[in-house]
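The next block holds one structure in the form of structure tokens; read it before the comments.
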Amino acid sequence: MKAAFVTAPHEIEIREVERPSPRRGEALVEVEAVGVCGSDLHAYEGTQPFFQYPEIGGHEVVGTIIEIVEGEAPEIPNRVQSSPPQLGDRVVLDPSMPCGECYPCRTGHYNCCVNMRVLGVHAPGAFAEYFCAPVPCLHVVSADLSADAAVMVEPLSIGVQATTRARITVGDTVLVIGAGTIGLCVLLAGLSRSERIAVSDLATGRLEIARSLGAGAAINAAEEDVAAAFAAAFGGSDPAIVIEAVGRPATVRQALELVAASGRVVMLGLCSDEICIPGALMVRKELDFLGSRLHGGTVPRAIELAQSGDLPLERLVTHHMKLDQLEDAFRLMLDEPDTTLKVILTP
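Numbers in this note's numbering are just positions in the sequence shown, counted from 1, shifted up by 23.
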């Protein structure tokens, strides 16, 4: 089969390799389409600390099960499937492979597993014609769901996790900082809970997409006062909830300053830098400051939202390419970030 390997930072090789054979408890999936994620880009750039070269990346995928090897799988609280996948089913992937034994796994927070392994990072992923995955990682989707929407289920499930952590309810005013793919998935997931959601970013093109997806306001943080623009859009109120989807110290600080007193800040963007938390501000405003990681049992809800037809997930897909153009996709993401959201590859 054909597979795309990241062999070293900024080096891609398209190789012909043997088709993988599933082990006990695994399925072999024929790839229909696969998205290129920010974490894949980090592996290409050499900034993904867990990626071992050479490896096959890719985890935002839809495909068809062509082989299953029966085997027992550990029961992990909160890891649920709508229905057990069968031979011939069309499936999407939850790429996380938790240990099932650590404290988070035993208490329903497998997304925080201390021994987490991820397909496409610690094990071969889906930038190939076929890939293997543990059966519990696979979730059945309908045959009539578009390939683009199916690929977007995995990032949408991250948005569902963040909005669940934020405890958004009807009427809550929400600000999402960052209009990248994940930030826009937070917007779409949040709109199923409240219509009073604004998005801020620096890129005009991404803000236009946010507006087309239903954002109540799309605020250019380079040109507008974010607090004033938010208040003007929502009757003078501060955001009850701010979800930070950038992962930079400056935007985390901005989130804490913008959120209403007694409000909640959810940090979704992964930041490797130290962040200075203003202690007096936290106490004076009595804030909840929460992290959100991956998808803790939220893939079925993301599938439900995608299959409802209510979410225009296809609008987040800006480019289609072939698998052997993976390096071109990475260059596009690096060179044209303002107009490039999701790139989808087909074998």
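C-beta atoms are modelled at their ideal positions from N, C-alpha and C, and glycine is treated no differently. Note that the structure is predicted; figures quoted are calculated from it, not measured.
Among 75, 366 and 85, the one whose alpha carbon lies nearest that of residue 371: What the structure shows of the chain is the stretch from 24 to 370, and residue 371 is not part of that stretch, so it cannot be assessed.
How about residue 305 and residue 59: are their beta carbons less than 8 Å apart? no
Since residue 45 and residue 155 are thought to touch, with beta carbons under 8 Å apart, how far apart are those beta carbons, to the nearest angstrom? 5 Å
Kindly provide the ranges of any beta strand (DSSP E) runs that are 3 or more residues long and lie completely inside the segment 260-340, ordered along the chain. 264-267, 287-290 and 311-314
Quick check on residue 27: does DSSP put it in helix, strand or coil? strand
Beta-carbon proximity list for residue 66, same chain, < 7 Å, skipping 5 on both sides: 29, 74 and 80
Whose C-alpha, out of 271, 353 and 138, is nearest the C-alpha of residue 200? 271
Tell me the start and end of each unbroken beta strand (DSSP E) in the segment 124-203 that is at least 3 residues and wholly inside, in chain order. 153-157, 161-163 and 197-200
Given a cut-off of 8 Å, decide if residue 125 and residue 144 are closer than it, judged by their beta-carbon atoms. no
Please state whether the Cβ-Cβ distance between residue 107 and residue 88 is less than 8 Å. no
With DSSP collapsed to three states, give me the class of residue 234. helix
In the DSSP assignment, the beta strand (DSSP E) including residue 113 goes from what residue to what residue? 113-116
Spell out whether any CB of chain C is found under 8 Å from the CB atom of residue 92. In the displayed structure, chain C is absent; only one protein chain is listed.
Buried or exposed by the 16-neighbour rule on C-beta atoms within 10 Å, applied to residue 134: buried
Let's see if you can read the secondary structure: which residues bound the alpha helix (DSSP H) around residue 22? Past the boundaries of the shown model lies residue 22; the chain is included only from 24 to 370, so the question cannot be answered.
Just verifying my parser: in three-state terms, what is the DSSP assignment at residue 86? strand
Buried or exposed: which applies to residue 178, given that a residue is buried once 16 or more other Cβ atoms fall within 10 Å of its Cβ? buried
Same chain, Cβ closer than 6 Å to residue 363, five either side skipped, listed in chain order: 341, 355 and 356
What is the C-beta distance between residue 209 and residue 291, in whole angstroms, given that I count them as a contact (C-beta under 8 Å)? 7 Å
Between the CA atoms of residue 140 and residue 132 - distance to the nearest angstrom: 15 Å
Just the Cα atoms here: how many angstroms apart are residue 77 and residue 150? 13 Å
Rounded C-alpha distance that separates residue 299 from residue 275: 9 Å
Check residue 99 in the structure and name its three-state DSSP category. coil
Going by DSSP in three states, residue 362 sits in which element: helix, strand or coil? coil
Could you tell me which of 48, 96 and 118 sits nearest to residue 57, measuring between CA atoms? 118
Three-way DSSP call (helix, strand, coil) for residue 248 in this model: coil
Go to residue 93, then tell me how far its beta strand (DSSP E) extends in each direction, as first and last residue. From DSSP, residue 93 is part of no beta strand (DSSP E); its letter is neither H nor E.
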